[in-house]
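Read the structure below first, then the notes.
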Amino acid sequence: MMTNPLLQDWATPFQIAPFDAISDGDFAPALDTALAEHRSEIEAIASAAEPPSFANTIEALEAAGTDLDKVLSVFFTVAGADSNPTREDLQRQFSPKLAAHFSEISSNKALFSRVNALWETRETLGLGPEQDRVLMLTHRGFVRAGAALTGAEDARMKEIKARLAVLGTEFTQNLLADERAWFMPLAEADLEGLPEFVVDTARAAGTEKDADGPVVTLSRSLIVPFLQFSPRRDLRKTAFEAWAARGANGGQTDNRAIAAEILSLREERAKLLGYASFADFKLETEMAKTPAAVRDLLMSVWEPARAQADADAARLAEMMREDGVNDELVPWDWRYYAEKRRAAEHDLDEAELKPYFQLDRMIAASFACAERLFGLQFKPLDIPLYHPDCRAWEVTRDGEHVAVFIGDYFARGSKRSGAWCSAMRAQAKFPKPQAPIVINVCNFAKGDPALLSYDDARTLFHEFGHALHQMLSNVTYESISGTSVARDFVELPSQLYEHWLDVPEVLSEFAVHAETGAPIPPDMLQKVLDASTFDMGFQTVEYVASALVDLAFHEGPAPADPMEKQRAVLDGIGMPPAITMRHATPHFAHVFAGDGYSSGYYSYMWSEVMDADAFAAFEEAGGAFDPERASALERHILSTGGSSDAAELYIAFRGRLPGVDALLKGRGLAAE
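In the working numbering, the protein residues as written are 126 to 797.
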């Protein structure tokens with residue numbers, strides 16, 4: 126076992142995982158060893174003869190599980206971004222094992238007794254603000270995990286958690302299987318009307334699928350532009366229906382029964398802990414605090430968004446009739462006619478625009494903004510990573526090492542869809558100083574050079590905003606480091622960073638043509654900025670509808686039939702018929718792949734209220750790169766992790782909490 130590379134000290138640059146030495150056969154034995162080691166560390170803390178102190182209990186918990194962290198950071202990185210049948214099988218084996226392990230810790234009565242004793246005498250302990258916060262969060266975590274439960278209720282809570290872990294893994298793998306299995310071959314004639322970048326992506330996808338020609342897959346970076354540009358309504362219908370049916374195709378990969386069971390178990394879990402509903406339980410620790418506050422926010426945005434979407438739908442239906450299509454506007458028509466309208470009204474041709482958004486230049490832009498705002502510098506690293514597509518940089522400031530940043534940008538069949546940021550190692554100063562190792566994972570179409578849509582470029586900036594939250598973290602304890610904050614606060618740094626993509630001086634410097642090297646023409650740049658709120662009724666409606674369905678699933682009794690509940694919610698809010706939820710229940714991974722965004726999908730909108738207001742603070746000061754505002758942003762938000770309550774951190778930065786007005790204005794939905 127000593128030869129298992131996952132369990133050795135990593136004598137690599139910056140102690141990064143030695144990916145070239147790790148094989149899939151290493152994971153299971155390493156996990157078993159690391160779990161046993163962590164278990165004995167926990168037992169030693171729980172059974173210590175000395176009276177509990179902050180050092181021998183709370184700090185000891187913070188220091189425990191080093192090897193487990195190493196094993197899981199590597200495993201979950203490759204399981205999400207470069208999966209294979211072996212890794213998927215391991216994930217199915219690991220999820221109940223890990224759920225049982227952490228459930229065992231959170232229900233350890235002797236350990237909870239020590240934590241509780243500290244909590245009850247906290248006024249006498251002489252703790253600093255950060256220590257006080259870690260004690261509160263540790264105690265609250267135990268209580269919310271069921272540590273105060275006894276007897277049959279305690280046993281049932283363990284069963285629920287183990288089952289939820291299995292169901293979340295099944296949900297994710299079913300979705301991945303559906304996304305991987307489906308593709309639609311395209312004849313050469315079917316490519317007519319598609320821009321060159323879509324044709325190139327379809328051909329590359331065909332090569333990956335071992336098809337005889339181009340194909341459309343369910344990767345968002347291919348199917349969305351296909352729906353935007355294909356004049357073939359029949360093909361758009363086939364592609365859209367396959368995309369909408371992910372997780373709902375019957376058979377082994379159908380997620381509908383899984384979703385129902387997850388919702389039922391969550392309700393039971395909340396009731397065991399004394400909460401009226403799972404939403405009440407979940408929102409207690411968020412900025413929003415209550416389901417009513419979430420509903421108020423969502424409905425204040427829903428009404429103006431639906432009004433805009435209804436007005437847009439009427440215009441698109443008119444364009445269809447002008448095309449000789451005498452039919453209702455349906456979901457596979459919307460993107461196509463919206464794109465035609467955008468080209469007409471804003472004279473903005475995505476195919477003409479795309480060569481100006483080269484992946485490498487957009488990475489450089491995100492780095493350059495971070496240098497101007499926070500003094501960070503990025504130097505490429507040549508180190509073994511888990512896939513040839515990955516790239517790495519050392520991040521420094523004033524010559525001092527800050528972090529390692531890894532970018533994994535291209536779509537592939539082994540990668541789950543979407544985009545995300547994770548830390549293979551989070552910043553901490555205890556038990557010893559450690560610098561973060563941060564990964565951004567995206568699903569952009571490969572090309573030579575790789576070209577992004579404007580939305581893709583926004584995604585890149587968004588994920589890099591999360592990365593900055595991790596990289597600039599400056600706290601003592603890992604449990605409150607980086608993005609370890611309230612769910613409805615975690616999207617603030619990422620969504621705020623998107624604003625720098627829209628800064629004209631950033632675009633004029635970095636949006637240069639892939640072939641000629643010419644900067645984006647000023648008139649095209651102005652069109653891009655003018656079009657930034659185009660189709661915002663559609664985008665807001667598809668998102669808010671998903672958030673309202675998520676809330677409805679969790680704020681009352683669990684629905685026996687989630688699909689029927691989904692229908693009832695959408696009917697009740699007057700969902701425009703030509704728009705679907707951004708994530709329908711059977712493929713709503715945010716909500717069903719784990720607890721992360723359950724009853725919390727609203728948090729992107731909650732954070733957007735703050736990000737619109739926070740960027741306005743820069744505009745009111747010296748502009749997008751105002752040094753005083755940048756310093757305040759790092760000091761009060763990016764460096765502080767979860768060391769204080771989120772509302773307090775925001776007020777420290779801005780002087781007050783925000784209202785919804787800046788968001789509606791930013792989305793072009795404010796009343797004239």
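All C-beta atoms in this analysis are idealised placements derived from N, C-alpha and C, irrespective of residue type, glycine included.
Asked	Found
Ala97 and Asp192 closer than 9 angstroms at C-beta	Any question about residue 97 goes unanswered here, given that the chain covers just 126 to 797.
Straight-line gap, Glu166 to Gly190 (C-alpha atoms, nearest Å)	8 angstroms
Cβ-based burial, Lys479 [other Cβ within 10 Å; buried from 16]	buried
Met126 in three-state terms, based on DSSP	Per-residue confidence for Met126 stands at a pLDDT of 44, beneath the threshold of 50, marking its modelled position as unreliable; no derived number is given.
Test item: CB-CB of His264 and Leu236 under 9 angstroms	no
Supposed close pair Leu632, Gly590 - CB separation, criterion 8 angstroms	Not quite, the Cβ-Cβ distance comes to about 17 angstroms (not below 8 angstroms), so this is no contact.
Ser238 beta carbon near the ligand ATP (any heavy atom closer than 8 angstroms)	With respect to small molecules bound, the structure shown includes none, and the ligand ATP cannot be examined in it.
Residue from Thr378, Glu411 and Gly205 with nearest C-alpha to Lys540	Gly205
Cβ-Cβ distance between Pro221 and Ala161 below 9 angstroms	no
Proximity of Asn565 and Phe530 at Cβ, strictly below 9 angstroms	yes
Sufficient close CB pairs (3 or more, under 8 angstroms) joining the segment 400-409 to the segment 718-735	yes
Through-space distance from Ala185 to Ser768, alpha-carbon basis	18 angstroms
3-residue-minimum beta strand (DSSP E) runs that sit fully inside the segment 483-526, ordered along the chain	502-506 and 516-522
The segment 276-294 contacting the segment 323-343, beta-carbon criterion three pairs below 8 angstroms	no
Integer Cβ distance of Met549 from Thr765, believed to fall under 8 angstroms	That pair is no contact at about 22 angstroms.
Extent of the continuous beta strand (DSSP E) to which Pro310 belongs	Phe308 to Pro310
The segment 248-256 contacting the segment 597-614, beta-carbon criterion three pairs below 8 angstroms	yes
Meets three-Cβ-pair contact criterion under 8 angstroms: the segment 745-752 and the segment 581-590	no
Nearest-angstrom beta carbon gap, Phe717 and Ser578 [assumed within contact, 8 angstroms]	Actually they do not touch by this definition, with Cβ atoms about 28 angstroms apart.
Whole beta strand (DSSP E) elements within the segment 299-364, 3-residue minimum	308-310 and 340-342
Chain B within 9 angstroms of Leu132, Cβ atoms only	Absent here is chain B; the protein component of the structure consists of one chain.
Alpha-carbon to alpha-carbon, Glu453 and Pro702	9 angstroms
Range covered by the beta strand (DSSP E) that runs through Phe569	Ile562 to Phe569
Inter-residue Cα distance where the pair is Arg247 and Ala495	40 angstroms
Rounded separation between Arg792 and Met688 - CA only	30 angstroms
Buried/exposed call for Arg440, threshold 16 Cβ in 10 Å	exposed
Selected residue, minimal CA-CA separation from Ala714, among Glu187, Ala757, Arg357 and Gly372	Gly372
Contact check, Asn233 vs Ala272, beta carbons under 9 angstroms	yes
Boundaries of the beta strand (DSSP E) in which Arg550 is found, first to last residue	Trp545 to Arg550
Spatial distance of Ala777 from Glu588 (CA atoms)	24 angstroms
Close beta carbons around Arg431, own chain, < 7 angstroms, minus the five adjacent residues each side	Val666, Gly699 and Pro701
Alpha helix (DSSP H) segment containing Glu640, residue limits	It is not in any alpha helix (DSSP H) - Glu640 carries neither H nor E in the DSSP assignment.
Assigned secondary structure, Ser152 (DSSP; H/G/I helix, E/B strand, else coil)	Note that residue 152 corresponds to Phe in the displayed sequence, not to Ser. In this structure, Phe152 counts as helix in the three-state DSSP scheme.
Extent of the continuous alpha helix (DSSP H) run through Arg391	Arg381 to Leu397
Pro644 - DSSP class collapsed to helix/strand/coil	strand
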